[in-house]
Amino acid sequence: MEIPIFRFALEVLIMETIKDYVAHLDNKKRITLRGATYHYYNVKEYGNGCIILEPRELSVPKSISARTLADMDHAVSNFKCGDVSTAIDLSDL
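So in my numbering, the last spot in the sequence shown is 193, and the numbers never skip.
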(Lines of atoms letter the chains of each structure in order from A and count residues from 1; the text may use other names and numbers.)
(Lines give C-alpha, C1' and ligand atoms only; values in the text may rest on other atoms or scores of the structure.)
Protein backbone atom coordinates (compact mmCIF):
# COMPACT_ATOMS: atom_id res chain seq x y z
CA MET A 1 0.00 0.00 0.00
CA GLU A 2 1.42 3.35 -1.08
CA ILE A 3 1.11 6.39 1.20
CA PRO A 4 -0.16 9.51 -0.62
CA ILE A 5 2.13 12.52 -0.41
CA PHE A 6 0.45 15.91 -0.28
CA ARG A 7 2.46 18.87 -1.46
CA PHE A 8 1.33 22.23 -0.12
CA ALA A 9 2.57 25.68 -1.00
CA LEU A 10 5.12 27.05 1.46
CA GLU A 11 2.79 29.81 2.63
CA VAL A 12 0.29 27.19 3.81
CA LEU A 13 2.83 25.41 5.97
CA ILE A 14 3.97 28.47 7.91
CA MET A 15 0.56 29.99 8.72
CA GLU A 16 -0.61 30.14 12.32
CA THR A 17 -4.19 29.22 13.25
CA ILE A 18 -6.11 32.18 14.73
CA LYS A 19 -9.64 30.73 14.75
CA ASP A 20 -10.81 27.14 14.58
CA TYR A 21 -14.53 26.47 14.18
CA VAL A 22 -16.96 24.29 12.24
CA ALA A 23 -18.94 25.98 9.48
CA HIS A 24 -21.70 24.46 7.38
CA LEU A 25 -23.34 25.21 4.04
CA ASP A 26 -26.78 26.80 4.10
CA ASN A 27 -29.63 25.91 1.73
CA LYS A 28 -28.06 27.99 -1.06
CA LYS A 29 -24.65 26.27 -0.57
CA ARG A 30 -23.06 29.33 1.04
CA ILE A 31 -20.71 29.44 3.99
CA THR A 32 -20.49 32.25 6.56
CA LEU A 33 -17.16 33.50 7.87
CA ARG A 34 -17.31 34.72 11.46
CA GLY A 35 -15.73 38.11 12.03
CA ALA A 36 -14.46 38.43 8.46
CA THR A 37 -12.17 41.43 8.11
CA TYR A 38 -12.37 41.71 4.31
CA HIS A 39 -15.27 41.89 1.86
CA TYR A 40 -13.54 40.03 -1.00
CA TYR A 41 -11.50 36.83 -0.96
CA ASN A 42 -9.66 34.86 -3.60
CA VAL A 43 -10.66 31.20 -3.25
CA LYS A 44 -8.30 28.30 -3.95
CA GLU A 45 -9.89 24.86 -3.85
CA TYR A 46 -7.63 21.81 -3.88
CA GLY A 47 -8.34 18.25 -4.94
CA ASN A 48 -7.85 16.94 -1.40
CA GLY A 49 -10.76 19.08 -0.12
CA CYS A 50 -8.73 21.99 1.29
CA ILE A 51 -10.02 25.48 0.60
CA ILE A 52 -7.82 28.54 1.08
CA LEU A 53 -9.26 32.06 1.19
CA GLU A 54 -6.84 34.91 0.51
CA PRO A 55 -8.08 38.43 1.29
CA ARG A 56 -8.36 40.85 -1.62
CA GLU A 57 -8.84 44.60 -1.44
CA LEU A 58 -10.34 46.15 -4.54
CA SER A 59 -8.99 49.62 -5.19
CA VAL A 60 -9.17 52.30 -7.82
CA PRO A 61 -6.06 52.41 -10.00
CA LYS A 62 -3.79 55.34 -9.15
CA SER A 63 -3.20 56.22 -12.80
CA ILE A 64 -4.67 55.73 -16.26
CA SER A 65 -2.91 53.07 -18.30
CA ALA A 66 -0.74 54.04 -21.27
CA ARG A 67 -3.03 52.13 -23.62
CA THR A 68 -6.10 54.06 -22.43
CA LEU A 69 -4.28 57.37 -22.81
CA ALA A 70 -3.24 56.42 -26.36
CA ASP A 71 -6.85 55.52 -27.21
CA MET A 72 -8.05 58.86 -25.84
CA ASP A 73 -5.42 60.75 -27.87
CA HIS A 74 -6.50 58.88 -30.99
CA ALA A 75 -10.19 59.69 -30.34
CA VAL A 76 -9.43 63.40 -29.81
CA SER A 77 -7.34 63.59 -32.98
CA ASN A 78 -10.19 61.95 -34.94
CA PHE A 79 -12.59 64.50 -33.48
CA LYS A 80 -10.34 67.44 -34.42
CA CYS A 81 -9.96 66.11 -37.98
CA GLY A 82 -13.74 65.80 -38.34
CA ASP A 83 -13.68 61.99 -38.50
CA VAL A 84 -16.80 61.56 -36.35
CA SER A 85 -20.11 59.74 -36.62
CA THR A 86 -23.40 61.49 -37.32
CA ALA A 87 -25.15 63.26 -34.46
CA ILE A 88 -27.56 61.22 -32.34
CA ASP A 89 -31.13 62.53 -32.22
CA LEU A 90 -32.18 62.70 -28.57
CA SER A 91 -35.40 64.64 -29.15
CA ASP A 92 -37.52 61.50 -28.66
CA LEU A 93 -36.18 61.07 -25.15
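Don't be surprised by glycine CBs; every beta carbon is placed ideally from N, CA and C. Source: prediction; values computed, not measured.
For the stretch 114-168, there is no continuous alpha helix (DSSP H) assignment of 4+ residues that stays within its boundaries. In its own chain, leaving out the 5 sequence neighbours on each side, no residue places its CB closer than 7 Å to the CB of Ser163. It is roughly 50 Å from the alpha-carbon of Leu153 to the alpha-carbon of Ala187. One thing to note: Tyr140 has its Cβ no nearer than 8 Å to the Cβ of Leu125.
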